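In our numbering, the protein residues as written are 10 to 237. In what follows, a structure is listed as structure tokens, so that the remarks can point back to it.
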């Protein structure tokens, strides 16, 4: 197999982005939030949990806790009960309280709008920081890599790595900086709709002519050639 040059890879990535933008013009975060603090908390809760479940939990949570100081003052046991259905609730409650406390003490009660500042918060790594920066502050500092982005980046041949930080490093030169936030949403939307983890729907995929993994999955092996 001929190895794809960097320039060819960049061109193919550009075509993929253009197609996804046309297919999912509504692509945006599904986490309901009114400000940076709410998005930060919702993103922390979304780890290993669906956005729909998080939105159910935060509906009441954000009525009760309206500022960083409110979360910082929350009782650990109480917050655990309130977020229990999102999973990993003990660590999530601890990190939310810790992050809120640091925001109050070190950032004048305002969520920091820099990568450096966000990464000092307990429970916040690059993925969460990129989501908050891109969606709450309109800053494209990197590409948020979640399970959908990691899966599609691999299948589309945009990265050979499994580590999210290295995948992000591979994607950033391929994607125009202006699209660093939206590419996360586009890949998530396509991953949920078509390129699912267990049974990707290659016949219905608008990217199958640009995807090196198209029709290589066991459940598609018996498809007639015309369906490929």
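We put the CB at the ideal spot given by N, CA and C, even for glycine. Since the structure is predicted, the reported quantities are computational estimates derived from the model, not experimental observations.
Check	Outcome
Tell me whether residue 32 counts as near the ligand MN, meaning its Cβ is closer than 7 Å to at least one heavy atom of that ligand.	The ligand MN is not part of the structure shown, which contains no ligands of any sort.
Which of the three DSSP states, helix, strand or coil, is assigned to residue 133?	coil
If you count every other CB in all the chains shown that lies within 10 Å of the CB of residue 57, and 16 or more means buried, which is it?	exposed
Restricting to runs no shorter than 4 residues, where is the alpha helix (DSSP H) found entirely within the region 25-63?	45-54
Which complete beta strand (DSSP E) runs does the region 131-181 hold, if anything under 3 residues is left out?	none
At the level of alpha carbons, what is the spacing between residue 221 and residue 114?	50 Å
I think residue 25 touches residue 165, with their Cβ atoms under 8 Å apart; what is that distance to the nearest whole Å?	6 Å
Please name the residue in 71, 183, 145 whose C-alpha comes closest to that of residue 18.	183
Hey, out of 33, 120, 106, 48, whose CA is closest to residue 202's CA?	33
With DSSP as the reference, label residue 228 as helix, strand or coil.	helix
Mind reading off the beta-carbon distance from residue 199 to residue 161? Whole number of angstroms is fine, and I expect it under 8 Å.	7 Å
Is residue 220 helix, strand or coil when you go by DSSP?	coil
Would DSSP call residue 185 helix, strand or coil?	coil
Could you check the C-alpha separation between residue 212 and residue 227 for me, to the nearest Å?	14 Å
On the CB-based measure, 16 or more other CB atoms within 10 Å of its CB, does residue 38 come out buried or exposed?	buried
Which stretch, first to last residue, makes up the alpha helix (DSSP H) that contains residue 113?	98-115
Between the Cα of residue 67 and the Cα atoms of 97, 47, 136, 145, which residue gives the shortest distance?	47
For a test of the three-state rule: what should DSSP assign to residue 79, helix, strand or coil?	helix
For residue 13, name the three-state secondary structure that DSSP assigns.	coil
Does the count of Cβ pairs from the region 138-154 and the region 184-192 closer than 8 Å reach three?	yes
By alpha-carbon positions, which one of 27, 95, 138, 207 ends up nearest to residue 60?	95
Give the single residue among 106, 117, 77 whose Cα lies nearest to the Cα of residue 85.	106
For the alpha helix (DSSP H) containing residue 128, name the first residue and the last one.	Careful: residue 128 lies outside any alpha helix (DSSP H) and carries neither H nor E.
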